[in-house]
Each structure stands twice: as structure tokens, then as C-alpha cells.
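The sequence shown begins at 7 in this note's numbering and counts up by one.
Quick reminder that beta carbons are idealized off the backbone N, C-alpha and C, glycines included.
Only a predicted model underlies this, so the values are computations on that prediction, with no experimental measurement involved.
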Amino acid sequence: MTDGGWTGPVLVTGTDTGVGKTVVTAAIAAAAQAAGLRVAVVKPGQTGTATGEPGDIDSVTRLAAPLTGRTLASYPDPLAPLAAARVAELEPLELYAAVDAVREEVDKHDLVLVEGAGGLLVPMGLRPSGEPWTVADLAVSLGAPAVVVARAGLGTLNHTALTLEALERRAVPAGVVIGAWPTAPELVHWTNLTDLVPNLLGALPDGAGGMDPGVFRRSAPGWLTPALHGVLDDWRTWAEEIS
């Protein structure tokens, strides 16, 4: 069963690191499952595992409990995946191995969310030729649309526009989700919202990742538009309710 939203492989990337990709991925997974979809989440490259902190798939599983959660490659240092592989003297992730792994999950699920690392052009691993590949290359190889997670505050318009332009040049359809909408928004947040609305697919409240998982799953559809299996269809009403 589907509800008219995006299905198949969908890339979740960001304008930068720390913008809320993992929580947004969990919210999309929760909303899609509430709509009756079978959901998998794939993390091609997890870094920083030496800290002992939960990985991104662990966080998504806690919040959204997707049918499948899978990490393809893990590296101890908190660096870009290709750099982390090099520093740890581990095998870097090969592009077509990642493509095949995602397609394997597409065959068994209605929606496969692929969470990148950092921003769109962070080096993830190596091609068979030895050249680095990025999350953008993965989206092109999969024929997948992209969700760009952005900040709400100052500087986000430039970073978001650059990311969307890079995706458009590669013919990758894309939309934006604000990763953390502040509890006390200021003028800059409201003006950014106005400028982002034409591309906006959702906005999560600040601190969503710290919610009780049951509350998170019930709330997630209200943060996302129907393209991402949510029920948010009027930004004016949303703004009035949240202000």
C-alpha cells in the first residue's frame, strides 16, 4: 500500500554535518510506516564508531523501528568515510557495492531511505577506477530523488541553494526538510522559511530526536508533506499553529 508519496530508493543528504539527517530519516521512516509502507534504512558509511556512541542506524531504529536497518561500512574515526577508511587502513566502500546493496533492499521494501554522511559531495569511497565517489554519485546511479536536510537559521539559504543546484545539474529531483525548527523562532527563521517554502517537504521541531519513540512515531506525519508520506499540506496553518 502506498499513499502517493516517494517510494523506491530515496537519498537523505544535508547542507552540512550536524543538520539533523538521522532524525529526519527516522521521521520519514515513521511516517511511511504509518502509511502502510515497508521501509528499509541504509547507511552506506558510518564513521566515528570508536567513540562508543550509537550509530545512525541505531538511532533510527530506536525512534522509528523500520523493517530493516543496515550499515554497509563502519570506520572508527569521525571523518568523511573515505578519509576514515584511509586513516584506519580499512577497505573503502566501492560505489557499485553500495548500489547493489541498496537495490537488494528495494526489491524487498516499498521505500529505502539511504542516509549519507555530511554534505552532498563528501567523499564516501572509491569507484572501480580508483576515483572517489560521493552521495550525489550514488543518487545518480540509483536514479533516486534526494531529501536535503537544512538548518533553520542564518546561512542556510546559500548552503541549501548550492546543494539544490548541484542536484539539479545531475538531474536529481530534490526537496528540503528543516532539521530543527526552533521553539522560539526569530525573524531570520521566519524569512528563511518563506524563501524555502517552494522546495520545502517538511520541518521537524528542535529536540525531536529526544522524544519518546512512541510520541515521535505518532507525531512524524505532522512534520512532513504528502511527498514524504506525511499530512502537512498548508504551511500557513502550520506557521500559525507553531508560533
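Asked                                                                                                                                            : Found
Which whole runs of the beta strand (DSSP E) in the region 129-183 are 3 residues long or more, in chain order?                                  : 129-132, 138-140, 152-156
Check for me: the alpha helix (DSSP H) holding L101 runs from which residue to which?                                                            : 101-112
Can A40 be considered in contact with the ligand COA, in the sense that its beta carbon sits closer than 7 Å to one or more heavy atoms?         : With respect to the ligand COA, the structure offers nothing, as it holds no ligand at all.
Which word fits V47, buried or exposed, when buried means at least 16 other C-beta atoms lie within 10 angstroms of its C-beta?                  : buried
Assign P15 to one of three DSSP states: helix, strand, or coil.                                                                                  : strand
Taking the Cβ atom as the reference point for each residue, do G181 and N205 lie within a distance shorter than 8 Å?                             : yes
Does DSSP classify T23 as helix, strand or coil?                                                                                                 : coil
At what residues does the alpha helix (DSSP H) containing L88 begin and finish?                                                                  : 87-94
Who pairs with V48 in a beta bridge, going by DSSP?                                                                                              : R76, V120
Just the C-alpha distance for D218 and V146, rounded to the nearest angstrom, thanks.                                                            : 36 Å
According to DSSP, T231 sits in a beta bridge with which residue or residues?                                                                    : According to DSSP, which records beta bridges pairwise, T231 is partnered with nothing at all.
Tell me T53's beta-bridge partners as DSSP assigns them.                                                                                         : Y81
According to DSSP, simplified to helix, strand and coil, what is G185?                                                                           : strand
Tell me the DSSP secondary structure of P191 in three-state form.                                                                                : coil
Applying the 10 Å Cβ sphere with the 16-neighbour rule, what's the burial state of W244?                                                         : buried
Taking A209 as part of the beta strand (DSSP E), name the residues at either end of that continuous run.                                         : 206-211
Only counting the same chain, and skipping five residues up and downstream in sequence, which positions put a Cβ closer than 6 Å to that of A40? : P227
Decide if V93 is buried, meaning its Cβ has at least 16 other Cβ atoms within 10 Å, or exposed.                                                  : exposed
Along the chain, where does the alpha helix (DSSP H) that runs through E246 open and close?                                                      : 241-248
Roughly how many angstroms separate the alpha carbons of P138 and L132, rounded to a whole number?                                               : 4 Å
Taking a contact to mean a Cβ-Cβ separation below 8 Å, would you say V118 touches P15 in this structure?                                         : yes
Determine contact between the region 24-41 and the region 50-59, defined as no fewer than three beta-carbon pairs at a distance below 8 Å.       : no
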